[in-house]
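These notes are about the structure you will find just below.
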Amino acid sequence: MKLPVSPFWIGAAATTVLAGMLSLSGINEYFFFAAYVVLQFVVLCTAWNILGGYAGYVNFGTAAFFGIGAYTSVVLFQSLGAPLLVQMAAAAAVTGLLGFGTGLLTLRLRGIFYSIATVAVIFIAETLMINWRYVGGATGLQLLRPSPMLPFETYTRMLFFIMVVLSVFAVAIARYIEISWIGRGLRALRDTEEAAECNGVPTLRLKLLACTVSGALMGLAGAPLPMYLSFLEPASSFSLNYSVVALAGAIIGGTAHWIGPAVGAILLASVQQIVTVTISSEMNVLVVGVLLVVFVVAAPDGILGLVRKLRRPRAAAGSPP
Amino acid sequence: MKSFARRWFLVAGALAIAFGVSPPVAQAQQPIKIGHSMALTGGLGAAGKAALLGLQMWVEDVNAKGGLLGRKVELITYDDQSSPATTPGIYTKLLDVDKVDLLVAPYATVPTGAIMPLVKQRGLLLMGNFSFQVNAKVQHDMWFNNAPWHDASSWSDSYFAIAQRFKLKTVAFLVADQEFAQNLGRGAKEIAARLGLKTVYEQNYPPTTVDFSSMIRAIRAAQPDIVYVMSYPNDSVAIVRSVNEIGVGSSVKLIGGGMVGLQNATVMESLGSMLNGWVNYHSYAPEKTMEFPGVKAFLARYAKKAVEAKVDPLGFYLPPFNYATGQMIEQAVTATKSLDHKVLAKYIRENEMKTIVGDIRYGKEGEWATPRVLMVQFRGVVDKNVEQFRLPGKQVIVGPAKYMTGEALPFDKARK
Amino acid sequence: MIFSFQLLFEATLFGILLGCFYAAVSIGLSVAFGLLDVPHVAHPAVLVLAAYCTYLLGSYGWDPILAGLALMPVFFLFGVALYRFYYETFEKRGTEAGVRGLAFFFGIAFIIEVGLILAFGVDQRLVEADYIGKSLSFGEMRVPLRMLLAFGIALALTAALTLYLSKTFTGRAIKAVAQDEAALRLMGADPVRIKQWAFGIATAVTALAGAMLIIIGPVEPMLDRVYIGRTFCVVVLAGLGSMTGTLAAGLILGISESIVLMHFGASWAPAVAFGLLLVVLGIRPQGLFGR
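Chains as they are written, first to last, in this note's numbering: chain D, 1 to 321; chain R, 1001 to 1416; chain L, 2001 to 2291.
In structure tokens form, the structure reads like this:
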């Protein structure tokens, strides 16, 4: 049955409406505080997957783009008093550029070299922020939020809604990349880069595109962080934890399809939030590590892969989106 | 194609269901809940655990007398790991999930700095716990810090007074790059400039630094008379060890000043004779000028509990103050018969309160009106002995004049 | 910042001592990654784990160096087991599994880190020994004994491993398996067993390096993160598979860090290793002595 609008967009609209209703409802405030983190990881995992899942370049540097996104927001807020949406736009521009730049420098490297180079970017970005007094240096910066836009009652609710919209946006972009010629090209170069090149696939351009888009989305995920916490300091903003959870969420969900990272992120981040509230915050990092290892060893195609195996007992090639 | 729309609904619905149900809140509104985070692990953990014991002792005492306003007092504590990254989340949880009635701040400046915007935005009363100048930027009018200092001069004046007496001219600053040390450092540098002291070396180091030998060597090369160190427990210990290992040079006559951690019994025991000669701040020493009503009895009771709880056996630094914070809450709540934050804040702002650390009256910015920061010099300390610190003479109070029990000696002389 | 010849000399000397230590810490990775091509991102985590095990033994009164030596056989077995698991799960199934192998080791590193936090807490730990805290005086200069000791052991370790790889039969077999696995198989040696053995040795060496880590300074569970930069910087700068290169690269890193520390301040020092790594990867990815 052909609908005038793709079911994806119906679902996206419905999610946004649902989020809007939730943010105006009387649910406990802490829900929004925790849900923000979950949605943040939906964006991060989806962004990671564009380069990691589609193109096969395991980026460990998620934390760098996330942190730079947050710090761009701070700079704009401190210097111009810019509203949140302007901060986010600026963050996307800066981290997109950073993604492009790091891509240019590191994409020639294969496998583990590329991944270690991306870790290096994190530490260098962190060190630069530590040495920049204007954004607080290692001490960090206290920030006083402006009042939230109407109709939101509190700033956290507004951030929650913005994050939902951002997640839908990120997933839409990932889906577009996947089903378009870009996705085809990335899949080709993931399997064998030389063969793809010989076949006329513009590998470098595609990789750079993936890096830029991925970086920009990660920066967008980090941009509201200073307003969310009313405080920002380098050590936690550039924490390697972001890199691991972004990677783990995508792998656990399934890297082949755009919905995998979203599913993985929601599952992983929700478990983390619950564990943090009920047990301890260390345990939540342990949960990530253990789940990552278990899935990588036993279920390399993630939850999507398991679901597919349950549905179609015979081995099947990937289904069309 | 439809299955994808279905998937979206499933995902969105699962999210809503997973979080739509509020975690169960205590049904009976009977106990008065006081919520806070405390550094139980991490760099500040050793002191934090002792502080918690002090606060818990107050909770026990007040409940033994029937509680507050006829209700039992319940203390809800979370470990913030000495990190400012955890406190915003913890305090949000305390307010929205645990639904506490009153808040106490985390111990120390660094974890507290991160929640100042939060409490100001929500208009809440916050009882500070040994933070330094953490309200300067935010200017919250319901903040009351329980610590014997207020501004920079209240701390640094007595340190530099010793320098004046020795007629010292040059100073080196070694400052951790975190909120406390930076606040203290800023003020100290202004005072040094005003006194005409020349700064020959200045270094801000990241709080995660573990090796100070190159900085100590650079300080030695600069040949200062005074070294003013502003550090947190891990760095303080590393700096004392490093100076002991490679020496800081014969020019230095006064060293120390703002080193958190050297008040902790376990640290003092493990550093032992390495501490001799260092002049550092403190809030209490067992000298005769420090005998406030109730404090000796408190320390005796504390010492017994500390052994069981395996925390700082002396409890000179934080526990009496944490007990006193409880006493201030008690007096405010009992006098106003209210838990309304604005009402309580007004009372605390306007009244002098009697506690085991003396009479406390608040001045501007929510700090003590009359400071009482001590400068103590370690003298004659021997290794591996914690009981020696219970006797007077090991931490000689060398400033301010009102509480002095001895004259400071130059660093190299006091080392012998 | 203050500049003087004396300070520069001291910084260089300290850099040499530190650099040798960095070499010893990285040599296990040089074997695991450089020779065996295992994406062992968990190497620094194993290093910190060894440091904590040394601390544990230290709390029973063991001298840290003896503890390190005692831990070597234990870690050897651990290394063999880890490699075996990695081989069975990933390497056997071809290059596609390379990405997942990397993710696997990343996960292991995290599990070790969190395990340490759960077992020991986030506090810093250190060991006490007679030689920690004392220093030797050379005129105006005082050199900490613990640095000299770490330097000496590191040098001995590197020399021993280099000799082992070039003079003994198994050692040369390890080098051979890195160069041409098929040829080795034709000669009757089992490449998998040799690689297992090599990985075990690399892990055992790391055990002693971990003991030195806690002698040099206090450790805390997240220390592995900054050592990712240092160890990979040394291994890449050295050139994959070169043991003498590892020593040279370690010295270069140690001296650079020391001079940056002296001249620019402590807040720039952590970026030296990572910055140097990026420069090497950008300009000369095969390193100084690469094969």
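Every residue gets a Cβ at the ideal spot worked out from N, C-alpha and C, and that includes glycine. Here the structure is a predicted model, which means the values were calculated and not measured.
{"Query": "Strictly under 8 Å for the Cβ-Cβ distance: is L/Leu-2213 near chain R by that measure?", "Result": "no"}
{"Query": "Check whether the Cβ of R/Ala-1369 lies closer than 7 Å to any heavy atom of the ligand NAD, and answer yes or no.", "Result": "In the structure on display, the ligand NAD does not appear, and there are no ligands present to speak of."}
{"Query": "Do L/Thr-2012 and L/Ser-2258 come within 8 Å of each other at the CB atom, strictly closer than that value?", "Result": "yes"}
{"Query": "At 7 Å on the CB atoms, spell out the chain D contacts of L/Ala-2271, in chain order.", "Result": "Phe-123, Ile-124, Thr-127"}
{"Query": "May I ask you to list the residues that DSSP assigns as paired with R/Thr-1170?", "Result": "R/Lys-1198"}
{"Query": "At a CB distance below 9 Å, what residues from the segment 1202-1215 of chain R approach chain L? Give them in sequence order.", "Result": "Gln-1203, Asn-1204, Tyr-1205, Pro-1206, Thr-1208, Thr-1209, Val-1210, Asp-1211, Phe-1212, Ser-1213, Ser-1214, Met-1215"}
{"Query": "Counting only runs of 4+ residues fully inside the segment 1105-1179 of chain R, write out the alpha helix (DSSP H) ranges in chain order.", "Result": "1109-1113, 1116-1122, 1152-1165"}
{"Query": "Nearest by alpha-carbon distance to D/Thr-46: which of D/Asn-199, D/Val-296, D/His-257 is it?", "Result": "D/His-257"}
{"Query": "Name, please, each residue of chain R whose Cβ falls closer than 7 Å to the Cβ of L/Val-2122.", "Result": "Thr-1041, Gly-1042, Gln-1081"}
{"Query": "So for R/Thr-1077, helix, strand or coil by DSSP?", "Result": "strand"}
{"Query": "What residues match up with R/His-1282 in a beta bridge as DSSP calls it?", "Result": "R/Leu-1374"}
{"Query": "Excluding the 5 residues flanking L/Leu-2057 on each side, which residues of the same chain have their C-beta closer than 6 Å to its C-beta?", "Result": "Ala-2067"}
{"Query": "Mapping the DSSP letters down to three states, classify L/Met-2141 as helix, strand or coil.", "Result": "strand"}
{"Query": "Pull up the DSSP beta-bridge partners for R/Trp-1368, would you.", "Result": "R/Tyr-1362"}
{"Query": "Using only alpha-carbon positions, find the residue among L/Ile-2201, L/Pro-2221, L/Met-2187 that is nearest to L/Met-2072.", "Result": "L/Ile-2201"}
{"Query": "Considering only the beta carbon of each residue, do D/Met-227 and D/Leu-84 sit closer than 8 Å?", "Result": "yes"}
{"Query": "How long is the line joining the alpha carbons of R/Leu-1409 and R/Asn-1063, rounded to whole angstroms?", "Result": "47 Å"}
{"Query": "Give the DSSP-derived three-state secondary structure of R/Ile-1356 in the structure shown.", "Result": "coil"}
{"Query": "For L/Arg-2125, which beta-bridge partners are listed by DSSP?", "Result": "L/Val-2219"}
{"Query": "Any beta-carbon of chain L closer than 8 Å to the one on D/Asn-59?", "Result": "no"}
{"Query": "Any Cβ of chain D within less than 8 Å of the Cβ of L/Ser-2242?", "Result": "no"}
{"Query": "Since R/Val-1227 sits in a beta bridge, which residues does DSSP pair it with?", "Result": "R/Ala-1172, R/Ile-1255"}
{"Query": "Which residues bound the alpha helix (DSSP H) around R/Lys-1304?", "Result": "1295-1309"}
{"Query": "Which residue wins for smallest C-alpha separation from L/Phe-2289, given the options L/Leu-2247, L/Cys-2020, L/Val-2219?", "Result": "L/Leu-2247"}
{"Query": "Label D/Gly-26 either buried or exposed according to how many other C-beta atoms from any shown protein chain fall within 10 Å of its C-beta, with 16 as the threshold for buried.", "Result": "exposed"}
{"Query": "So with Cβ pairs under 8 Å, would you call R/Gly-1123 a contact of chain B?", "Result": "In the displayed structure, chain B is absent; the protein chains listed are D, R and L."}
{"Query": "Are the C-beta atoms of R/Glu-1352 and some chain D residue less than 8 Å apart?", "Result": "no"}
{"Query": "Report, in whole angstroms, the separation of the C-beta atoms of L/Leu-2251 and L/Gly-2034, which I expect to be a contact under 8 Å.", "Result": "Contact doesn't hold; Cβ gap of about 17 Å is too wide."}
{"Query": "For R/Met-1290 versus R/Gln-1327, is the C-beta spacing smaller than 8 Å?", "Result": "no"}
{"Query": "If you measure beta-carbon to beta-carbon, which residues of the segment 24-51 of chain D are closer than 8 Å to chain R?", "Result": "Ile-27, Asn-28, Glu-29, Tyr-30, Phe-31, Phe-33, Ala-34, Ala-35, Val-38"}
{"Query": "Kindly say whether R/Ala-1051, judged by its beta-carbon, lies nearer than 8 Å to any beta-carbon of chain L.", "Result": "no"}
{"Query": "Does the contact criterion of 3 or more C-beta pairs under 8 Å hold for the segment 2159-2178 of chain L versus the segment 2050-2065 of chain L?", "Result": "no"}
{"Query": "Identify each residue in the segment 2008-2036 of chain L for which the Cβ-Cβ distance to at least one residue of chain D is less than 9 Å, and report them in chain order.", "Result": "Phe-2033"}
{"Query": "Whose CA, out of L/Arg-2100, L/Ala-2070, L/Val-2046, lies closest to the CA of L/Leu-2082?", "Result": "L/Val-2046"}
{"Query": "In angstroms, rounded to a whole number, what distance separates the CA positions of R/Arg-1241 and L/Thr-2158?", "Result": "30 Å"}
{"Query": "So if I threshold CB-CB distances at 9 Å, which residues from the segment 2247-2273 of chain L count as touching chain R?", "Result": "Ser-2258, Leu-2261, Met-2262, Gly-2265, Ala-2266, Ser-2267, Ala-2269, Pro-2270"}
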